[in-house]
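Quick notes on the structure that follows.
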Amino acid sequence: MHLFYENIAKYVFEYWTGTFFSDASQNNEPYVLAKSVWLEIGNQMHSLPEKWAAWITIYSLPLLKGRLPSEYYNE
Numbered sequence: 290m291h292l293f294y295e296n297i298a299k300y301v302f303e304y305w306t307g308t309f310f311s312d313a314s315q316n317n318e319p320y321v322l323a324k325s326v327w328l329e330i331g332n333q334m335h336s337l338p339e340k341w342a343a344w345i346t347i348y349s350l351p352l353l354k355g356r357l358p359s360e361y362y363n364e
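In my numbering, the protein residues as written are 290 to 364.
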């Protein structure tokens, strides 16, 4: 189970930050969040543990709500 946090979470993060594909044209999608959004999320997580498991299981959904287009975020 720990490999999920070491691999998948990292790749999903790269997908959302627009750094997943080496071809930049493939990284230009509505689910790619601007650097300013990630800086805001980072500021909110500043005092939180920086582990992928915590990001995926606890923090990702509340911090991405209202930032991802609604078609990519279902409650």
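Glycine is no exception: its CB is placed at the ideal position from the N, C-alpha and C atoms.
Under the DSSP assignment, T306 falls in the alpha helix (DSSP H) whose first and last residues are 298-306.
Counting along the chain, no alpha helix (DSSP H) covers L322, and no H or E run does either.
Here R356 is not near V321, since their CB atoms are 8 Å or more apart. Counting along the chain, P351 sits inside the alpha helix (DSSP H) bounded by residues 349-353.
Contact annotation, G307 with N316: C-beta distance approximately 4 Å; criterion of less than 8 Å satisfied. The criterion of a C-beta distance shorter than 8 Å is satisfied by Y362 and K354.
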